[in-house]
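Report on one structure; see the data block that follows.
6 protein chains.
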Amino acid sequence: MILLTRKAEFSSAHYYWNEAWSKEENERVFGRCANKNGHGHNYTLEVTVAGEVDPVSGFVVDLKELKEILQREVVGVYDHRHLNLEVPEFAARTGMIPTTENIAIAIWGRLEGKIPGAKLHRVRVYEMVDLFADYYGEL
Amino acid sequence: MILLTRKAEFSSAHYYWNEAWSKEENERVFGRCANKNGHGHNYTLEVTVAGEVDPVSGFVVDLKELKEILQREVVGVYDHRHLNLEVPEFAARTGMIPTTENIAIAIWGRLEGKIPGAKLHRVRVYEMVDLFADYYGEL
Amino acid sequence: MILLTRKAEFSSAHYYWNEAWSKEENERVFGRCANKNGHGHNYTLEVTVAGEVDPVSGFVVDLKELKEILQREVVGVYDHRHLNLEVPEFAARTGMIPTTENIAIAIWGRLEGKIPGAKLHRVRVYEMVDLFADYYGEL
Amino acid sequence: MILLTRKAEFSSAHYYWNEAWSKEENERVFGRCANKNGHGHNYTLEVTVAGEVDPVSGFVVDLKELKEILQREVVGVYDHRHLNLEVPEFAARTGMIPTTENIAIAIWGRLEGKIPGAKLHRVRVYEMVDLFADYYGEL
Amino acid sequence: MILLTRKAEFSSAHYYWNEAWSKEENERVFGRCANKNGHGHNYTLEVTVAGEVDPVSGFVVDLKELKEILQREVVGVYDHRHLNLEVPEFAARTGMIPTTENIAIAIWGRLEGKIPGAKLHRVRVYEMVDLFADYYGEL
Amino acid sequence: MILLTRKAEFSSAHYYWNEAWSKEENERVFGRCANKNGHGHNYTLEVTVAGEVDPVSGFVVDLKELKEILQREVVGVYDHRHLNLEVPEFAARTGMIPTTENIAIAIWGRLEGKIPGAKLHRVRVYEMVDLFADYYGEL
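Residue numbers (the numbering used here), protein chains in the order written: chain L, 1 to 139; chain W, 140 to 278; chain V, 279 to 417; chain D, 418 to 556; chain Y, 557 to 695; chain R, 696 to 834.
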């Protein structure tokens, strides 16, 4: 078994806000992120898949296909969007705040079961170079 | 004479939109950036100052003071803000769109004349790792 | 369960020297690092914590609190210090040499049990971009 | 137990081609990589070893020795070479195509059992900054 | 006037060889690069253009158009190609060896006069992260 | 004319201290750097040379020779050394404090006139990724 990781990037706006809390409580917990005008990031996504190397092609997964899946399922939906206002998992008033952790979990949900011939192993999301979350699915 | 460069970062939301144009014209010129919900970036700022090295301290400029000036004049104003809505030079309905070029020019205007003992030489702004603008003031 | 990683940096001096060995033996084993005048590095620290995402805040751990803990327990103690002379775990004549491996183990000891609501999962220390150590605690 | 990782780099040419397939089939599967003139990359190799820290030296493994092993077993063989034409595991007409996955597996085979006092834990190969493979040996 | 820089990447094979020299002379001058099987690199290209900011769009140059020009004139010609065998300026038996310096000059020739509304200012080519050439045209 | 830049690295200890000042004055001006036990950095050096491309070799300068000069004149002298105690230009009680600015000037002095066939154009020294100095010689 081998792991293959592909990176992608998306640039999005977001903010942190819990509608059940007062402005003061939001600012106490979320600090500068509790600005409903939004701010933004260049997110870096690393998607790792696990599988056997095909002895004929030498690939775990078709790289062009993997790139298209990441584009269709994630980058095309998140890039140049406001996560709180336009991306369904965060905009649907479910209270799911677009933290780095929740973005990783949401992207896992978008990709799981959609990569032919390999198993989704890990989703890593960098909000900045000094902060990232890793999700391995429900163990 | 020597040049000293200090980097800083800020995370902001923005969008590109010319109020004098139709939605179609905005989308034709600005593509995915013409989304008024906004998107965002981790901007990297490089500020270069020029001066003589002080023979006693070995410094062109006091580094702590330079860091404080960048924080007060730029990072404190731009970071975790929506440039089009909250930062005066772009929010003031002057029609100045927060492109990488205009952000570099605006930061030059914020810093020029405020760095004791050294001359502002260059402002570089990265919107992403593969796109940046350099401004040297009016020559 | 999800993993969250935060980076921090510290700049320190160190050298490698075993007091029980001759100068020749120290130079044979430690090469250029066996210079008691010391040399130094920009260390990069990655601290990974594991936990459940709080459904209300969307956080595994309070990021401001995590940053303060890293500052208080590690960066404030190691940064701009000579590890062999000023940092207790290496200066205490216990013979613990400040190699990348031992720095990772020492930082684990400084952080374990101090991060509210999450479990310390991994400490990674880069001495240079091409050399790093990972410690997961005693398994 | 602790993990220590050392990076190395090599610059090589390669192409993807399955002799059992037609030109059309090769181009359909391998795209731009199916150009028998070859193209090339700056590969980055990360080799991770696992072991106990020697309480006297503070090392898991002798760093100079590890560097020499990587140089002798991998970099000296792969660097400034055409993988398909000059590196035995890919040139031997065994049909092993030098994909990132197969390069990681081949390097594992070159290093396993050759690192005194530590266990080879992982081989990571970056073909580009946005694509890498991890191999942990046969589990 | 402001400068705008856009990065692009291409992965190519090349070798250094002067047909007028003996094998020994080629190896003496070019070292490991004098291997006619070729080796390769992930090249990074930075193209800087100079111009006035359009007060309406906020752009020096249309970014989509610039990207298309770089793709058509450079990346589409160099990427996944063997420079000595397939790229006209090096393959034409003119004796122009694809060193980093010559690649920068050749790319200048490909781009000069083709960027509407702005002046080509600098072409920077990285062969590796620790080696790059800058060309500003004939001054 | 073309510019060629080569990077090198060295890891050194240093501190900032003016013997003519009190401890309080040193700490006021130099902050955490005024610790005579020393601290350290991974310095990155970029040396840029200017010249004409040799039409036969395609080189501005012989890369192996340039690397040897950087090793002999700078890296071999600065790496794994304490700048204040062991490197002549800072240790000679001349009062030259090893700031990033002064290190750049000192390296210029070490390299000027020693690079056959090309002109030293710029010395850039990074103390950390967010701080660097550029020296172009006396203009």
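The C-beta atom is built at its ideal place from N, Cα and C for all residues, glycine as well. In this text, all values refer to a predicted model and were calculated from it rather than measured experimentally.
- Y:I558 carries a strand assignment under DSSP once its states are collapsed to helix, strand and coil.
- Boundaries of the beta strand (DSSP E) harbouring Y:E683: K675 to M684, taken from the DSSP string.
- With fewer than 16 other Cβ atoms from the protein chains shown falling within 10 Å of its own Cβ, D:V546 counts as exposed.
- Sequence-ordered contacts of the stretch 27–58 of chain L with chain W read R32, C33, N35, N37, G38, H39, G40, H41 and N42 [C-beta pairs closer than 7 Å].
- With its beta carbon less than 8 Å from one in chain L, W:A152 belongs to the interface.
- Annotated three-state conformation of Y:A660 is helix, per DSSP.
- For D:L483, the nearest beta carbon of chain L is not closer than 8 Å to its own beta carbon.
- The DSSP assignment places 758–765 and 778–781 as complete runs of the alpha helix (DSSP H) inside the stretch 727–784 of chain R, in order along the chain (cut-off: 4 residues).
- Distances from the alpha-carbon of W:Q210 to those of W:K146, W:M140, W:Y275 and W:I141 put W:K146 closest.
- Rounded to the nearest whole angstrom, the C-alpha separation of W:G276 and W:S161 is 33 Å.
- If you draw a straight line from the Cα of V:S289 to the Cα of R:N779, it is about 16 Å long.
- Think of a sphere of 9 Å around the beta carbon of Y:V631: no beta carbon from chain W falls inside it, the nearest being about 12 Å out.
- Within its own chain, the residues whose Cβ lies closer than 8 Å to the Cβ of R:E747, once the five positions on either side in sequence are excluded, are M696, I697 and V755, listed in chain order.
- Assignment of beta-bridge partners to W:A147 by DSSP yields W:L184.
- Taking C-beta atoms as the reference points, D:I486 and D:I522 fail to come closer than 8 Å.
- Annotation: the continuous alpha helix (DSSP H) that includes D:K440 extends over K440 to F447.
- In the DSSP assignment, V:Y413 falls within the beta strand (DSSP E) that extends over L409 to Y413.
- W:W247 and L:V77 have their alpha carbons spaced roughly 35 Å apart.
- What L:E138 touches in chain W, judged by beta-carbon distance under 9 Å, is nothing: the nearest beta carbon there is about 30 Å away.
- According to DSSP, residue pairing for Y:A648 in a beta bridge does not occur.
- Take R:T795, set aside five residues on each side of it, and the residues of its chain with a beta-carbon closer than 7 Å to its own are V820, E822, L826, F827 and A828, in chain order.
- In this structure, the beta-carbon distance from R:V770 to R:L815 does not fall below 8 Å.
- Non-local C-beta neighbours of V:L344 in its own chain, meaning closer than 6 Å and more than five positions away in sequence, comprise R284, ordered along the chain.
- With a 10 Å radius around the Cβ and a threshold of 16 neighbouring Cβ atoms, R:P783 comes out exposed.
- A Cβ-Cβ contact shorter than 8 Å links D:Y433 with D:I514.
- For the stretch 515–549 of chain D, the beta-carbon criterion of a distance under 8 Å to any beta-carbon of chain L is satisfied by P515, T516, T517, E518, N519, A521, I522, V546, D547, L548 and F549.
- With a cutoff of 8 Å on beta-carbon distance, Y:N574 and R:V751 are scored as near each other.
- Contact of D:L487 with chain Y by beta-carbon distance below 9 Å is absent, the smallest such distance being about 17 Å.
- The C-beta separation of Y:H597 from D:H458 comes to about 7 Å, placing the pair in contact by the 8 Å criterion.
- Taking 8 Å as the Cβ-Cβ cut-off, the stretch 81–98 of chain L approaches chain W at R81, H82, L85 and E86, given in chain order.
- Under the Cβ distance rule, L:K23 does not count among the residues neighbouring chain D, no pair being separated by less than 8 Å.
- In terms of CA proximity to W:R171, Y:K620 leads the group Y:L601, Y:D610, Y:E580 and Y:K620.
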